[in-house]
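All letters in the sequence shown, in the order written, are residues 130 to 505 by my numbering.
Inspection log for the structure reproduced underneath, given as structure tokens.
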Amino acid sequence: MNVLEVTNILKAKGLVKDVNGTRRFIRKGELVASKECNHDGYQLTQQALDAFLWVKQSSDAEMVQHILNNVIKLPKAENPFKVASFFAGIGGFDLGCERAGMEVVFQCEVNSFCQKVLKKHWPSIPLHSDITTLEANNIPDANIWCGGFPCQDVSLANQGKRKGLKGQRSGLFYTYAELVRARKPDWIIIENVPGLLNSHDGADFGILLKTLDELGYGVSWRVFDTKYFGTPQRRRRVYIVASYGNLRSSRVLFDSRANTVTDKSGRGERTNFTSETRDGLSKTDIFAIQHASIGRKHTAGPQAKGYRNDGESYTLDSRGSADAVCAPNAPYRVRETSGLSRELDSNRLRAIGNAVSVPIIEWIANQIIRVENERG
């Protein structure tokens, strides 16, 4: 293109008034042009014109970002909080830690359905299928290890059949502890049912504490209910945080500042940790129904049989005994009312029943980041 053609384009965009304005941009080097000899006029390429227009029409911030993305290749800042997730399930620990700004670098999960969920959401993360065949030196470097070893052998839901840590499933804690012994991560987060605290009259929990203590960890634990973290479900679980070398874990679960999460009704400051709220969970138009086929009485609290319409659901479990969350005028639209998918088959129900509360893990992860940053 010659100068006159370019001038017409620039005039239409309000950048010049006449051909002299175009020549001034050329002389200043802002508009790249060339000519074979002094007797010829300037010639400009479409690429040069496009580049000139982009610069003139872009903000300073856009130009800086363009340079960073396309010209200067800065090394990506390394995340100081790397997470290895064991007994990962469908990724509740992983999602909570990521929401707090941590980076998941490893997952271990034996259930084939859960593996599909993990691969869908974390396709590039190494996934090992069985903790009993996992070697410690195959775990990527991670300063935070998290997971909830199987709870079936310590859960009160088994009603007299609890084998505790001697059971085949909950006994996987020992396998996990051996991996910890070999790698000694800075932090360990464990979640389990409250029944862990009194399994075998507290002996199993004592073994857990003693094991972690012998490995060099300061251990703190606390029971949280997910209803106080913005989730309309009664779900009490014990959360164990262990810090290597000292008891800074206590500053994670027991903050000396004002409590921003209520651990008992009427105490502390309520904070909604969820990004959105769902309409309809009121005392008058939503009912949670639970048949409790395994013999619970109506007085069994969050796992009782019966119905409730106080804005919360019963504890979701892997047995599916929390039957329905529905509105009385929509008995055939249970899934729509609760926000649960119609595709909630047995695999999905079991996975949700075993899942950890993401808002609680996000809170714990943020607390760990705070404690570590305060150390400098």
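We put the CB at the ideal spot given by N, CA and C, even for glycine.
Looking only at ILE497, VAL485 and VAL500, the smallest Cα-Cα distance to LEU224 is reached by VAL485. Counting only residues of its own chain and dropping the five nearest sequence neighbours on each side, ASN208 has a CB closer than 6 Å to the CB of GLU232. In its chain, beyond the 5 residues on either side, ALA484, VAL485 and VAL487 have a beta carbon closer than 6 Å to the beta carbon of GLY221. Put simply, the region 187-206 does not touch the region 245-257. Fewer than three CB pairs are less than 8 Å apart. By DSSP's assignment, ARG365 forms a beta bridge with ASP354. Within the same chain, and ignoring the five residues on either side of PRO269 in sequence, the residues whose Cβ sits closer than 8 Å to its Cβ are LYS211, ALA213, VAL234, PHE235 and PRO255. By the C-beta criterion, the region 332-344 is judged not to be in contact with the region 357-365, since fewer than 3 inter-stretch pairs fall below 8 Å.
Within the same chain, Cβ atoms closer than 8 Å to the Cβ of ILE498 are found at PHE210, ALA229, GLY230 and MET231, the five residues on either side in sequence being excluded.
Nearest neighbour of PHE278 by Cα position, chosen from GLU491, PHE215 and GLY335, turns out to be PHE215. Here the alpha carbons of VAL184 and ASN266 stand approximately 51 Å from one another. Straight-line measurement puts the Cα of GLU307 at about 21 Å from the Cα of GLY218.
Counting C-beta atoms within 10 angstroms of its own C-beta, GLU264 has fewer than 16 neighbours from the protein chains shown and is therefore classed as exposed. With respect to THR151, THR136 sits close: the two C-beta atoms are nearer than 9 Å. Counting only runs of 4 or more residues that sit fully inside the region 154-241, the alpha helix (DSSP H) segments are 175-186, 189-199 and 221-228, in chain order. TRP492 sits in a helix when the DSSP states are folded into three classes. Considering only SER372, ILE481 and ALA480, the residue with the shortest C-alpha distance to GLN496 is SER372.
For the set VAL381, TRP350 and PRO323, the Cα lying nearest the Cα of ARG365 is the one of PRO323. Taking GLU320 as the centre and dropping the five residues before and after it, the same chain places the C-beta of GLY277, ARG366, TYR368 and VAL485 closer than 6 Å to its C-beta, in chain order. Nearest to GLY374 by C-alpha distance, out of LYS313, ASP384 and ILE138, is LYS313. When LYS245, ASN131 and HIS257 are compared, the shortest CA-CA separation from GLY170 is found for ASN131.
In the DSSP assignment, SER372 forms a beta bridge with TRP316 and GLY347. In the structure shown, the three-state DSSP call for ILE336 is helix.
Under the 10 Å beta carbon count, LYS157 is surrounded by fewer than 16 other beta carbons and is classified as exposed. Each of LEU337, TRP492 and GLN172 was checked against the Cα of PHE353, and the nearest Cα belongs to TRP492. Each residue's CA atom was taken as its position, placing ILE155 and LEU197 some 26 Å apart. Relative to the Cα of ILE260, the nearest Cα in the group ILE273, TYR303 and LYS140 belongs to TYR303. Residue pairing by DSSP places CYS275 opposite SER214 and ILE318 in a beta bridge. The DSSP-derived three-state label of HIS257 is strand. With fewer than 16 other CB atoms across the displayed protein chains lying within 10 angstroms of its CB, THR262 is exposed. Counting C-beta atoms within 10 angstroms of its own C-beta, ARG377 has 16 or more neighbours from the protein chains shown and is therefore classed as buried. Comparing alpha-carbon positions, the option among SER241, CYS237 and ILE317 lying closest to CYS275 turns out to be ILE317. The C-beta of ALA271 has 16 or more other C-beta atoms within 10 Å across all chains shown, which makes the residue buried.
The DSSP-derived three-state label of ASN327 is coil. One thing to note: TRP350 has its Cβ no nearer than 9 Å to the Cβ of LEU301. A buried status is given to ARG479, since no fewer than 16 other beta-carbon atoms sit within 10 Å of its beta-carbon. As a beta-bridge residue in DSSP terms, ASN131 pairs with GLN172.
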